[in-house]
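Visitor: Structure in structure tokens, see below.
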């Protein structure tokens, strides 16, 4: 029996989440449904896609190879559905969209441009605010969907979230800094340096908790809500920064080089995703937005 699109969707979800449990929660289905779908998919392909072990599962080499095909298939199917949607170009309506400030300039712009090309008749109304306020608006029905950092989503009982991008933390350094040439950078090394702290989307809280948990007391030299200010301050030697790779760019506005390095230890990641109210009947404009975002995520190189 040939594999199904649903089996591919479940497989990709497990591969991305690294866990059947998290994939089931994200898809709002039972773990047994995913487990059975994976078993049938492996049987059809004749290969093992995951290694099972007491702590969970890990994707195999064959699984990595098939993941590229699966994501492309799902993206192509999504594109085909949008291409043949009746009267898409003439469809009107309104999309009430929320976005957090960290996400607005790094994720939303490309996504919104694709949406406007696909649905030119939809009036888009967007608001930028902090995550907790956007959650309040989503639950109250004032927003259809939000694109935001979901690592610290507060009301997971009332809200549905789907990951668009996962970004690890890395260390930003000015060119010529001694740590640039270090073979291994530890959290203790960071604790001895002046830190430039970004104060948007819970980044300051997350960075402080991270360093405290790993035994380093941060010496905060400067706090700012501007990513560009962080770049300029780091590039000119005012301090270092520990930030998600999502917002890294190798040059400041002044043209100074910024280096980026891994830090030893298990650092957290920032997850950016779409959020909407559980159980709500999304308008067609919002369903189209979610579909375009899913296709963009599937087509992104891994």
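In UniProt numbering, the protein residues as written are 1 to 302. We put the beta carbon where it would ideally sit given N, CA and C, even for glycine.
#1: Should residue 174 and residue 240 be called a contact, given that it needs their Cβ atoms to be closer than 9 Å?
#2: Can you have a look at residue 251 and say buried or exposed, based on whether 16 or more other CB atoms are within 10 angstroms of its CB?
#3: Excluding the 5 residues flanking residue 296 on each side, which residues of the same chain have their C-beta closer than 7 Å to its C-beta?
#4: How long is the line joining the alpha carbons of residue 20 and residue 56, rounded to whole angstroms?
#5: Could you have a look at residue 126 and say whether DSSP puts it in helix, strand or coil?
#6: Taking a contact to mean a Cβ-Cβ separation below 9 Å, would you say residue 247 touches residue 225 in this structure?
#7: Please name the residue or residues paired with residue 252 in a DSSP beta bridge.
#8: Return the CA-CA distance between residue 38 and residue 231, expressed in angstroms with no decimal places.
#9: By the DSSP assignment, the beta strand (DSSP E) with residue 241 in it spans what residues?
#10: Can you tell which of 165, 270, 193 has the C-alpha that lies nearest to the C-alpha of residue 234?
#11: Suppose only complete runs of 4+ residues qualify. What are the alpha helix (DSSP H) ranges in the segment 93 to 166, listed by chain order?
#12: Going by other Cβ atoms of all chains shown within 10 Å of its Cβ, with 16 needed for buried, is residue 254 buried or exposed?
#13: Taking only the alpha-carbon atoms, compute the straight-line gap between residue 271 and residue 290 and give it to the nearest angstrom.
#14: Please report the Cβ distance between residue 15 and residue 93, rounded to the nearest whole angstrom; I am assuming they are in contact, meaning their Cβ atoms lie under 8 Å.
#15: According to DSSP, simplified to helix, strand and coil, what is residue 87?
#16: With a floor of 3 residues, list each beta strand (DSSP E) that falls wholly inside the segment 44 to 76, ordered by position along the chain.
#17: Which first and last residues belong to the alpha helix (DSSP H) in which residue 190 is found?
Guide: From the atom records:
#1: Cβ distance < 9 Å, so residue 174 and residue 240 count as in contact.
#2: Around the beta carbon of residue 251, fewer than 16 other beta carbons sit within 10 angstroms, so the residue counts as exposed.
#3: Within the same chain, residue 296 has close Cβ partners 111, 114.
#4: Straight-line spacing of the CA atoms in residue 20 and residue 56 works out to 8 Å.
#5: Reduced to three states, the DSSP call for residue 126 is strand.
#6: No, these two residues do not count as a Cβ contact at 9 Å.
#7: DSSP output for residue 252 lists no bridge partner at all.
#8: Residue 38 and residue 231 have their alpha carbons spaced roughly 44 Å apart.
#9: It spans 241 to 244 - the beta strand (DSSP E) in which residue 241 sits, taken as one unbroken run.
#10: The alpha carbon of residue 234 has as its nearest neighbour, out of 165, 270, 193, the alpha carbon of 193.
#11: Entirely contained in the segment 93 to 166, the alpha helix (DSSP H) runs reaching 4 residues are, in chain order, 109 to 118, 131 to 139.
#12: The residue is exposed, with fewer than 16 neighbouring Cβ atoms inside 10 Å.
#13: Going from the Cα of residue 271 to the Cα of residue 290 covers about 16 Å.
#14: Rounded, the Cβ-Cβ distance is 34 Å, inconsistent with contact.
#15: Residue confidence for residue 87 is low, a pLDDT of 48 falling below 50, so the modelled location carries little weight; the figure read from the coordinates is stated next. The answer is coil: DSSP assigns residue 87 none of H, G, I, E or B.
#16: Whole beta strand (DSSP E) segments, 3+ residues: 50 to 53, 56 to 59.
#17: Residue 190 -> alpha helix (DSSP H) spans 187 to 191.
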